[in-house]
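Heads up: the sequence shown begins at 1 in full-length UniProt numbering, then just goes up one per residue.
Below: the structure, in C-alpha cells.
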Amino acid sequence: MKISYFLLLFITFLSCNNQLQKERLDGDDNVIKIEETDSLFLSKITVTSLEKQNYFDTLEFIGLISAPPQSIHSVYSLIPGFVKELSVYQGSFVKKGDVICYLSHPDIMTIQQDFLRVYTQYQTDSLEYVRQLKLFNDSATSARTLEVAKSTFYSTRAQLKSIEKLLIDINLIPKNVKDGKTYSQVAIKSPVDGYIKSIFVNSGGLVQPNTLMFSILDIHHVHVELFVNLDISKKIDLNDTLIVKDANGNLVTYAKVINISPFIDETSKLVHVHCHLTDTNYAFIVGQQVQVLIKGGFLKAFILPKETLIFIDNKNYIFIKKDDKTFVLKEINLIKRTYKDIIFNTIDDEQTINNAVVEGVEILRAKLFEES
C-alpha cells in the first residue's frame with residue numbers, strides 16, 4: 001500500500017480551546033489529523049509552485065590533499081661536515097636557492113686544494129699535449145710519445161671535471177677558487193620552492209657523505225586524490241578540470257585530472273584519481289580534506305531548500321498545501337542534496353508541483369511527530 005501522510009489543519013474559532021488534537025482518520029492508519037485554533041500557525045507557512053529546471057549536475061566528493069613522490073625533494077650531504085647556522089624549522093617556507101644551513105669541515109679545504117692541484121696539472125698537460133702534437137706533425141717525435149701525452153691530458157681533464165662538478169654540487173664557485181678565493185664552509189641550499197617537511201640533523205651535529213639532511217615539499221606539485229566507484233570514473237576524462245572547495249563550500253581553486261588508475265583497489269573497490277592543482281597560491285596542508293566537484297551532465301529536476309526535506313521510514317517527502325487547512329506529505333525521488341538545496345523528481349515524474357511548502361516546514365514537522 002502506498003504510504004501517504006495527510007496533515008489536516010482545521011482552524012476553528014472556539015475562544016475557550018487552544019489545544020492541539022492529533023488523531024488517526026477512520027480506516028487509514030497512515031493519515032494524521034491535527035486541529036489548531038491558533039491562526040498564527042498558518043501565517044508562518046509559505047508555499048510556492050515549482051517547474052522542472054535544467055540543472056547542471058555535479059558530483060561531490062571528499063578529496064585529500066596529498067604529496068606524491070615527485071613533490072618530495074630530499075637534500076643530502078655530499079661531503080662530511082658539522083652543521084652550522086641551521087636556520088629553518090619543520091614547516092618553514094623556503095625558496096629555491098635559499099640557504100638552509102652550512103657545513104664546516106677540513107675536507108672542504110682539501111677539496112679546493114685538490115682542485116687547484118689538478119687544475120695546474122691540467123694546464124701543464126694541455127701545453128705538453130699541444131707541444132707533442134706539433135712535434136709529431138713536424139715528424140720530430142714518435143706516435144707513442146704523442147699518445148702518452150694525449151692520454152695524460154685526457155686523464156687529467158677528467159679528474160678536473162670531476163672535482164669541478166663536486167665544487168658546483170657543494171655550492172662553491174670553481175672560478176673563485178681558481179682566482180685564489182677559498183672557503184671554510186659550504187652552504188646547503190633548497191633545490192625548490194616549498195616547505196620543510198622533515199629535518200634529520202641537529203645544529204652542531206656531524207654528518208657523513210650521502211646523509212639525508214632535509215626533505216622539502218614542492219608546493220607546485222601538490223595533488224588532490226580522489227577515490228570513486230567504477231561508474232563515476234568512466235565519467236571522468238584526463239585533463240578534465242574539477243572544482244576544489246574548502247570545508248565551508250567556498251570556491252578555492254581548480255584541479256586538472258592527470259591520471260586515472262586502470263586498477264580497482266582490492267580493499268575499497270574504488271578507483272584512484274590523481275588531480276594536479278592549477279593554482280598553487282593557496283596554502284593547502286597535506287592531509288587536508290577538500291570538496292571536489294565533478295561534472296555530471298544536465299538533467300531536469302525540481303529544486304527546493306534542503307530544510308524542506310522530510311525523511312520518514314527511509315523515504316523522502318516534502319509538504320504540499322492542499323487547501324487553506326490541509327497539508328499533505330508528498331513522496332519524492334531525491335536525486336541529490338547539496339549544502340543548501342535538494343534536487344528531486346516526483347514518484348509520478350510530474351512536470352510541475354503546486355503549493356510546495358518552502359517556509360514553516362519545521363512547524364509542520366513538529367506537529368506531524370507530536371505525540372498524542
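Every residue gets a Cβ at the ideal spot worked out from N, C-alpha and C, and that includes glycine.
Bear in mind the structure is a predicted one, so any value in this text is a computation, not a measurement.
Strand pairing of residue i, partner residues [DSSP]
| i | result |
| --- | --- |
| Arg337 | Ile342 |
| Gly97 | DSSP, once it has assigned bridges, lists no residue as partnering Gly97. |
| Tyr102 | Lys84 and Ala187 |
| His276 | His223 and Lys256 |
| Tyr55 | Leu299 |
| Val292 | Phe61 and Val244 |
| Gly194 | Val94 and Asp218 |
| Val212 | The question names Val, yet the displayed sequence has Leu at residue 212. Leu212 pairs with Tyr76. |
| Ala356 | Thr48 and Ile320 |
| Pro69 | None, per the DSSP bridge assignment. |
| Leu309 | Its beta-bridge partners do not exist; DSSP assigns none. |
| Lys315 | Ile312 |
| Val271 | Val228 and Ile264 |
Cβ-based burial, residue i [other Cβ within 10 Å; buried from 16]
| i | result |
| --- | --- |
| Asp125 | buried |
| Gln208 | exposed |
| Phe369 | exposed |
| His223 | buried |
| Met213 | buried |
| Leu230 | exposed |
| Ala366 | exposed |
| Val244 | buried |
| Ser87 | exposed |
| Ile108 | buried |
Inter-residue Cα distance where the pair is residue i and residue j
| i | j | result |
| --- | --- | --- |
| Asp114 | Ala67 | 41 Å |
| Tyr254 | Lys300 | 26 Å |
| Leu116 | Tyr183 | 13 Å |
| Leu251 | Val292 | 10 Å |
| Ile264 | Ile343 | 30 Å |
| residue 373 | Phe227 | Residue 373 lies beyond the residue range present for the chain, which begins at 1 and ends at 372; the question has no answer from this structure. |
| residue 373 | Thr267 | Missing from the structure shown is residue 373; the chain here goes from 1 to 372 and no further. |
| Thr352 | Ile303 | 11 Å |
| Thr338 | Leu59 | 10 Å |
| Asn30 | Lys269 | Residue confidence for Asn30 is low, a pLDDT of 36 falling below 50, so the modelled location carries little weight; the figure read from the coordinates is stated next. When rounded, the distance between both Cα atoms is 41 Å. |
| Gln90 | Lys181 | 34 Å |
| Arg131 | Ala143 | 13 Å |
| Thr141 | His73 | 55 Å |
| Lys322 | Lys44 | 16 Å |
| Phe218 | Leu133 | According to the sequence displayed, residue 218 carries Asp and not Phe. Cα to Cα, the separation comes out at about 52 Å. |
| Asn354 | Glu51 | 9 Å |
Sequence-distant residues of its chain with Cβ nearer than 8 Å to residue i (five each side left out)
| i | result |
| --- | --- |
| Phe319 | Leu7, Thr308, Ile310, Phe327, Val328, Leu329, Lys330, Ala356, Val357, Val361 and Leu364 |
| residue 392 | Coverage of the chain is limited to positions 1 through 372, which leaves residue 392 absent and any answer about it impossible. |
| Tyr317 | Tyr5, Leu309, Ile310, Phe311, Leu329, Lys330, Glu331 and Ile332 |
| Gly204 | Phe82, Val83 and Lys84 |
| Tyr55 | Phe298, Leu299, Lys300, Ala301, Ile303 and Ile343 |
Proximity test, Cβ basis, 8 Å: residue i and chain D
| i | result |
| --- | --- |
| Ser198 | The structure shown has no chain D; it contains just one protein chain. |
Cβ pair residue i, residue j closer than 8 Å
| i | j | result |
| --- | --- | --- |
| Lys340 | Lys306 | yes |
| Ile196 | Ser92 | yes |
| Gly194 | Val286 | no |
| Ser71 | His276 | no |
| Phe284 | Ile62 | no |
| Ile312 | Asn333 | no |
| Val75 | Ile232 | no |
| Phe136 | Leu146 | yes |
| Val192 | Lys315 | no |
| Val177 | Leu166 | no |
Proximal residues to residue i (C-beta, below 6 Å), its chain only, five neighbours per side dropped
| i | result |
| --- | --- |
| Asn259 | His274 |
| Glu359 | Thr46 |
| Leu206 | Phe82 |
Close-in-space but distant-in-sequence residues of the same chain around residue i (CB under 7 Å, 5 per side omitted)
| i | result |
| --- | --- |
| Ile170 | Leu78, Ile79 and Val186 |
| Asp105 | Asp is not the amino acid found at residue 105; the sequence shown has His there. Result list for His105: Ile79, Pro80, Gly81 and Phe82, in chain order. |
| Cys101 | Val83, Lys84, Glu85, Leu86, Ser87 and Ile188 |
| Asn239 | Lys256 and Val257 |
| Ile335 | Ala301, Ile343, Phe344 and Asn345 |
Residue i: CB within 7 Å of a non-hydrogen atom of the ligand GTP
| i | result |
| --- | --- |
| Tyr154 | For the ligand GTP, the structure offers nothing, since it holds no ligand at all. |
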